[in-house]
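Colleague:
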Amino acid sequence: MCGICGVVGPIDEPVLRRMVGTMVHRGPDDAGQYLDDGVGLGVRRLSIVDVAGGRQPITNEDATLVVVFNGEIYNHRELRTRLESHGHRFRTRCDTEVLVHLYEEYGDAAVHLLQGMFAYALWDERRHRLLLARDRLGIKPLYYTDVGGSLLFASEVKAFLHYPGFRAELEPGALDLYLALHYVPGPDTLFRGVRKLPPGHLLVAQDGHVSVLRYWDLVLGDFQPGTTLDEAAEEFGALFRDTVKRHLVSDVPVGALLSGGVDSGSVVAMMAAASDRPVETFTVGFELPGRHNELAEAGRVARHFATTHHELLLRPDAAALLGDLMWHMDEPVADPAALPTYLICRFARQHVPVVLTGEGGDELLGGYPRYAWFALAKRLQRLLPAALREGLLLPLSRLAPLSGRYQRALENVLAERDDVARHLHWIGVFDPDLRRTLLGPALRGGVTPGLAEARIASYFGDGGRRSADVFHRLMALDMNTWLVDDILTKMDKMSMAASVEARVPFLDHRLVEFVATLPLEVKVKNVGSKLLLRRAMRGVVPPATLRRRKHAFQVPLDAWVSGSLRDFVGDILLDRRAHERGWLDRKRVEDLLSTHAASRAPRGQSVWTLLCLELWARAFLDGAGHGVAP
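In the UniProt record's numbering, the protein residues as written are 1 to 630.
Structure representation (structure tokens):
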């Protein structure tokens with residue numbers, strides 16, 4: 001795992017060195033750079049494979065091809081054997097060297113042969129051509145921008161701060177997306193002029209022209225007819241077992257982040273079967289009791305597989321790290337799970353530099369309960385008139401003795417809403433009216449209202465890729481937005497902040513492509529069931545874990561914001577710097593804080609979203625260019 005950056009345009013060695021230096025956490029073991037007329041490539045390296053010999057950048061024999069690489073190629077040994085049979089000779093054992101010889105043999109099409117997570121840059125000196133590539137699912141990040149005709153790219157936006165002429169400024173148009181979703185879906189970012197290279201895409205820069213090309217797409221809809229659950233589970237199990245085994249390839253120790261759920265439990269089960277020593281597992285919990293803790297469930301799985309288990313108890317004062325985490329996050333992703341993710345990775349780094357995680361299992365296998373709730377809403381919409389649902393059933397539902405979460409779900413099922421409004425009601429933060437009134441004087445008129453709704457509508461229309469059922473449309477939507485720009489961004493940035501490589505076997509593209517061909521009835525039986533995985537892991541994972549319902553990893557956010565962090569939040573959101581920035585209406589912010597403090601309607605996520613925005617602005621926009629974490 002590494003951090004990469006580069007420039008096609010004027011660049012000198014001190015500037016490139018400073019750009020690389022901002023990402024030392026991504027690669028504490030080594031640094032390297034390549035400089036030639038009008039091009040510079042840089043890299044920080046975390047040594048995982050061929051620790052001694054895999055220094056970057058790596059070139060071909062005559063140094064006309066140069067590559068810097070972030071990630072892992074899990075099938076690099078097979079690719080090496082193929083290339084050697086074609087006459088190519090290797091100087092190292094590392095996976096990075098495979099890339100230059102694949103390019104010599106296959107050109108841009110080489111990316112189709114890669115199995116893994118990756119973002120890389122390849123400079124073709126003969127053609128004066130830069131090729132950027134990002135893995136199919138977006139596991140590894142890659143940003144790019146134009147500064148006065150020079151193309152800049154990097155694993156983290158903060159590398160751009162050192163390039164002369166780059167100015168870190170807010171992109172007002174993306175703010176509507178952030179306030180609606182608590183993150184900005186790609187290719188946009190909150191930085192003016194900075195873009196994310198989308199998953200499954202290449203970028204080619206040559207002769208002053210830049211082209212972004214798709215090389216892979218997830219298609220949901222070409223289902224295999226007649227596939228039984230047992231057949232699908234057997235094939236899935238064999239493929240998953242092979243996938244996890246490949247993800248264990250490393251010259252350094254590999255551990256696992258373990259919750260009490262079936263996803264990470266299945267990963268640990270496959271690791272234990274493939275390892276000749278106990279697996280190192282790591283779990284985080286909270287001081288507050290109740291559903292915020294999964295320590296007992298994780299401990300049960302750890303004992304079953306005889307792992308060497310480690311537990312970390314998170315205290316509320318740990319949230320004081322939030323300012324530093326915003327610096328590492330690059331973008332304001334207001335997912336409160338970023339904090340425990342960083343702390344458990346930092347804790348794990350004392351034992352292992354690589355961990356496997358269960359990320360992607362819910363999106364791949366339909367594990368979110370809201371998918372089933374959404375499908376129920378669609379059925380009721382067809383069967384019952386709106387007047388009956390909203391005029392009778394909705395008022396009656398409010399009398400039911402349900403928790404706030406279930407009350408909200410039932411209301412969303414019965415209310416007359418279109419698909420976009422229903423989806424945003426479940427996963428959104430601020431509705432369109434609130435977003436409009438929340439804006440302060442500096443942004444009124446500069447932010448396009450409804451951009452978030454339009455973006456989600458475009459994914460509903462196209463993201464399902466020919467799939468008519470609502471389950472698969474929602475799964476495609478999440479894989480194109482939430483998974484990439486919240487879950488994977490958070491995991492990459494927080495693990496790399498702790499100099500840990502996080503691997504996600506559920507998102508191996510072979511596994512994803514196989515599951516995409518399966519009809520709904522072999523994936524999901526009821527709310528959050530993940531039927532396919534549970535059948536495949538029967539007799540492997542403890543029965544209690546297989547029976548356990550889906551529980552979101554919940555940070556005690558409402559309690560934090562109204563308790564130990566109350567003064568900190570008020571000091572940040574209501575102080576002079578936030579007021580002079582003028583992005584948010586101070587009165588609306590005060591009302592939000594008062595409402596949450598009075599517990600009339602807890603709005604912890606809303607407060608957290610605004611807090612992360614302001615902390616991000618302080619880290620990157622206030623005196624940006626210093627390149628030093630606040």
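Glycine included, C-beta positions come from ideal geometry on N, C-alpha and C.
Bear in mind that the values here come from a model prediction, so they are computed numbers and not experimental data.
1. Find the nearest neighbour of ASP251 within the set PRO353, VAL212 and MET326, judged by alpha-carbon distance.
2. GLU614: which of PRO602, ALA578, SER594 and THR595 sits nearest, CA to CA?
3. How big is the Cα-Cα spacing for ALA302 and TYR342?
4. When the Cα atoms are used, what is the spatial distance from TYR144 to TYR183?
5. Quick check for students: name the residue ranges of the beta strand (DSSP E) that lie wholly in the segment 168-206, counting only runs of 3 or more.
6. Which class does TYR163 belong to by DSSP, given the choice of helix, strand or coil?
7. According to DSSP, what are the bridge partners of GLY59?
8. Excluding the five sequence neighbours on either side, which residues of its own chain have a C-beta within less than 6 Å of the C-beta of ARG379, listed in chain order?
9. Which partner residues of TYR144 appear in the DSSP bridge assignment?
10. Go through its chain and collect everything with a Cβ distance to SER211's Cβ below 6 Å, but skip five positions before and after it.
11. So, does the segment 486-497 touch the segment 328-339, judging by three or more C-beta pairs under 8 Å?
12. On the CB-based measure, 16 or more other CB atoms within 10 Å of its CB, does LEU439 come out buried or exposed?
13. Helix, strand or coil: how does DSSP classify LEU258 here?
14. Flag this pair as touching only if the segment 270-280 and the segment 227-247 have three or more C-beta atom pairs under 8 Å; answer yes or no.
15. Would you decide whether LYS493 is buried or exposed? Buried here means 16 or more other CB atoms lie within 10 Å of its CB.
16. How long is the line joining the alpha carbons of VAL355 and GLY255, rounded to whole angstroms?
17. Judging by CA-CA distance, which residue of GLU105, ILE73 and ASP62 is the nearest neighbour of ARG91?
18. Taking the C-alpha atoms as reference points, what is the distance between LEU483 and ALA442?
19. Taking all protein chains shown into account, do 16 or more other C-beta atoms lie within 10 angstroms of the C-beta of LYS158, making it buried, or fewer, making it exposed?
20. For the alpha helix (DSSP H) that ILE572 lies in, which residues bound it at each end?
21. What would DSSP say about GLN115, mapped onto helix, strand or coil?
22. Pick helix, strand or coil for ALA387, following the three-state DSSP scheme.
23. Taking contact to mean 3 or more Cβ pairs, one atom from each stretch, closer than 8 Å, check whether the segment 447-462 and the segment 190-203 are in contact.
24. For TYR34, report the span of its beta strand (DSSP E) as first-last.
25. Go through its chain and collect everything with a Cβ distance to ARG566's Cβ below 8 Å, but skip five positions before and after it.
26. Three-state secondary structure (DSSP) at ARG17?
27. Taking 8 Å as the threshold (C-beta atoms), are VAL43 and SER266 in contact?
28. For the alpha helix (DSSP H) that contains GLY361, what are its first and last residues?
29. Excluding the 5 residues preceding and the 5 following LEU170 in the sequence, name in chain order all residues of the same chain whose CB lies nearer than 7 Å to its CB.
30. Assess contact between the segment 161-180 and the segment 226-234, defined as three or more Cβ pairs (one per stretch) separated by less than 8 Å. Is contact present?
31. Would VAL512 pass as a contact of LEU137 if the rule is Cβ separation under 8 Å?
32. Out of ALA617, SER564, ASP575 and ARG77, which has the shortest C-alpha to C-alpha gap to residue 709?
33. Could you work out which residue in GLY71, PHE69, GLU72 and ASP95 is closest to THR81 when comparing CA atoms only?
34. What did DSSP end up calling ASP492 once you bin it into helix, strand or coil?
35. Expressed to the nearest angstrom, what Euclidean distance is found between the alpha-carbon atoms of ALA372 and LEU161?
36. Leaving out five residues before and five after GLY9 in sequence, what residues of the same chain have Cβ atoms less than 6 Å from its Cβ?
Modeller: In short:
1. PRO353
2. ALA578
3. 21 Å
4. 18 Å
5. 201-206
6. coil
7. The displayed chain sequence assigns Thr, not Gly, to residue 59. The partner list for THR59 (beta bridge, DSSP) reads VAL66.
8. none
9. PHE153 and ARG195
10. VAL204
11. yes
12. buried
13. coil
14. yes
15. buried
16. 5 Å
17. ASP62
18. 32 Å
19. buried
20. 566-573
21. coil
22. helix
23. no
24. 30-36
25. ALA597
26. helix
27. no
28. 361-365
29. LEU190, ARG192 and LEU621
30. no
31. yes
32. The chain is shown from 1 up to 630; residue 709 falls before or after that span and cannot be answered.
33. ASP95
34. helix
35. 44 Å
36. SER150
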